[in-house]
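Numbering (my numbering), first residue to last: 260 to 784.
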């Protein structure tokens, strides 16, 4: 692709009116008709029906049949070929694959798989999940005394042992940090408590991010590792290790347990009893790739061309973590129906395969393509669409019957923030809030949409609360096609804003990314 041409109801309504006046092409807009005017602008010259919930359901059912789409896996390749073919059929050009080779570690994703086993005195203990990129045993497994890990325990105490770790809920100081402010919130989210979500994120991240259990075990001489989470069986079932900060396998086979099964194992470890552990895993050298392409705008191929970047991860452990690929496809399906002459800017698409890969984001696509990046004037991050909410009551866990809360991130500009608020209202999105993290006190940007922060560009991103989507288990039963369709409507609206707006109207204040509150340490990645 290097051969491309070198390249924020109550918010100052008068500025938004001026902006929408431009979008509509001269129509006089009254403040009270702002939302209607925006819709009129977005549907001018586009009379065909937007993508249906039925099509979104079909796409997701097909993806679900393949299971988790870990980078470079057969399911990932099948899904990405579908995405590429569908994009090409809608007029996306200059589709480019930038290959990455790495060693993929994998095990059977069925939590009931006989390939993982834990016994104490011949009694089988229910295993919730494998510890990804830990290690492997042969069919016989390993047998050794258990040891209950304590802080500052010398490495010598771990040798020839199966080490048992505990993970608890986040400290009060961290839990409070998750109660972020917002610029706008739908009425049905006013009493929402993010405590469950913050607990889920903290515990899932503790193994490799906060506790660094993998580093403790590596080169310790331990024969196995067990992590006991303070979560119900359903919540730990299929939990996938995240983030994989270190490249490669650390060489000690590990298993994950819930709080019920873990109680017996903890007691056994404190008593120094012997256990047997088995984990059959495999490694293979695979090829994965960044996929990029362009839906050309009216100036494509000239020095006047500018890019609106649509970006997502292309891999994940379940149906909607990640389904940003299908979200971008749905956006393109909409804009491909517009005459090219009405697309003021080109849409640049980027699918990053490094979400759950070990080492995470070792390849820096933006650094490798400065000529393309020079033409990017704005961006939208697309992730985690159509999710239903999970909830826990004691040891009971399952779908709550509500939509997962949606989070819209916007850069610090009044026009952008107002556009986001009105897009939420126009789409009728439930349980949604709009955040502007750069203003402070509103959390941090999530996911790849933070490219707008890193490059001080106008931008948006969509994400979710992620109440139960850190595991391999959520499938089509957890997907709400109608909610997804509403989110696509919003994304189309915001994309149109970035495509048509004067850059002067949507300019954002320069903030050093290193000091930007939106990019504080601990940002969910």
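Quick reminder that beta carbons are idealized off the backbone N, C-alpha and C, glycines included.
For clarity, every value in this text was computed on a predicted model and none was experimentally measured.
Where do the ends of the alpha helix (DSSP H) carrying residue i lie?
i: residue 755; result: 740-759
i: residue 631; result: 629-632
i: residue 641; result: Here residue 641 belongs to no alpha helix (DSSP H); instead the beta strand (DSSP E) covers 635-641.
i: residue 461; result: 454-464
i: residue 669; result: Note, residue 669: premise wrong, no alpha helix (DSSP H); beta strand (DSSP E) at 665-669.
i: residue 693; result: Careful: residue 693 lies outside any alpha helix (DSSP H), inside the beta strand (DSSP E) at 691-694.
i: residue 680; result: 673-686
At what residues does the beta strand (DSSP E) containing residue i begin and finish?
i: residue 542; result: 541-554
i: residue 723; result: 718-723
i: residue 567; result: 566-572
i: residue 513; result: 513-516
i: residue 488; result: 483-488
For residue i, which residues does DSSP report across the bridge?
i: residue 523; result: Answer is none; residue 523 lacks a bridge partner.
i: residue 355; result: 551
i: residue 374; result: In the DSSP output, where bridge partners are listed per residue, residue 374 has none listed.
i: residue 449; result: Answer is none; residue 449 lacks a bridge partner.
i: residue 575; result: 328
i: residue 537; result: 376
i: residue 613; result: Per DSSP, none; premise fails for residue 613.
i: residue 580; result: 577
i: residue 444; result: 692
Assuming residue i and residue j make a contact with CB atoms under 8 Å, what is their CB distance in whole Å?
i: residue 716; j: residue 638; result: 6 Å
i: residue 730; j: residue 577; result: 7 Å
i: residue 680; j: residue 693; result: 6 Å
i: residue 462; j: residue 437; result: Actually they do not touch by this definition, with Cβ atoms about 13 Å apart.
i: residue 748; j: residue 552; result: Not confirmed; about 23 Å, so no contact.
i: residue 617; j: residue 503; result: 4 Å
DSSP on residue i, reduced to helix/strand/coil?
i: residue 648; result: strand
i: residue 424; result: strand
i: residue 494; result: helix
i: residue 403; result: strand
i: residue 364; result: strand
i: residue 658; result: strand
i: residue 469; result: helix
i: residue 397; result: coil
i: residue 284; result: Caution is warranted here: a pLDDT of 39 is assigned to residue 284, below 50, making its placement in the model unreliable, and the coordinate value is therefore given only provisionally. Of the three classes helix, strand and coil, the one that applies to residue 284 here is coil, per DSSP.
i: residue 325; result: helix
i: residue 596; result: coil
i: residue 340; result: helix
i: residue 605; result: strand
i: residue 709; result: helix
i: residue 768; result: coil
i: residue 730; result: strand
i: residue 776; result: helix
i: residue 586; result: helix
i: residue 316; result: helix
i: residue 499; result: coil
i: residue 389; result: strand
i: residue 563; result: coil
i: residue 763; result: coil
i: residue 297; result: Caution is warranted here: a pLDDT of 45 is assigned to residue 297, below 50, making its placement in the model unreliable, and no coordinate value can be reported.
i: residue 276; result: The predicted position of residue 276 is uncertain, since its pLDDT is 39 and thus under 50; a value taken from the coordinates is nonetheless stated next. It is helical.
Nearer than 7 Å: is that true of the beta carbon of residue i relative to any heavy atom of the ligand NAP?
i: residue 509; result: The model depicted lacks the ligand NAP and carries no ligand whatsoever.
Within the 8 Å Cβ cut-off, does residue i reach chain B?
i: residue 315; result: The structure shown contains no chain B; it holds only a single protein chain.
Stretch pair the region 750-760 + the region 693-712: three plus CB contacts closer than 8 Å: At 8 Å Cβ cutoff, the stretches do not touch.
Given 8 Å, three or more beta-carbon pairs between the region 626-637 and the region 563-574: Yes: the two stretches touch, three or more of their Cβ pairs being nearer than 8 Å.
Cβ contact check for the region 482-494 and the region 513-530: 3 or more pairs under 8 Å: Judged by pairs of C-beta atoms under 8 Å, the region 482-494 touches the region 513-530, as three or more such pairs exist.
At least 3 beta-carbon pairs within less than 8 Å: the region 542-549 vs the region 351-364: Contact holds between the region 542-549 and the region 351-364, because three or more Cβ pairs, one in each stretch, are under 8 Å apart.
The region 440-449 in contact with the region 466-474 per 3-pair CB rule at 8 Å: Taking a cut-off of 8 Å on C-beta distances, the region 440-449 does not touch the region 466-474, as fewer than three cross pairs fall below it.
Inter-stretch contact (C-beta, 8 Å, three-pair minimum) for the region 380-397 and the region 494-503: As far as the Cβ criterion goes, the region 380-397 touches the region 494-503, which means the pair count is three or higher.
Touching by the beta-carbon criterion (3+ pairs, under 8 Å), the region 639-649 and the region 709-727: Put simply, the region 639-649 touches the region 709-727. At least three CB pairs are less than 8 Å apart.
Segment contact flag, the region 395-415 with the region 658-667, C-beta cutoff 8 Å, min 3 pairs: Taking a cut-off of 8 Å for Cβ pairs, the region 395-415 and the region 658-667 do not touch, as fewer than three such pairs fall below it.
Touch test, the region 444-459 against the region 502-511, Cβ-Cβ under 8 Å, three pairs minimum: Taking a contact to require three or more Cβ pairs closer than 8 Å, the region 444-459 and the region 502-511 do not qualify as touching.
The region 476-486 in contact with the region 418-435 per 3-pair CB rule at 8 Å: Output reads yes: the region 418-435 touches the region 476-486.
Validate contact between the region 585-596 and the region 730-740 using beta carbons, cut 8 Å, 3 pairs: Verdict: no, contact absent.
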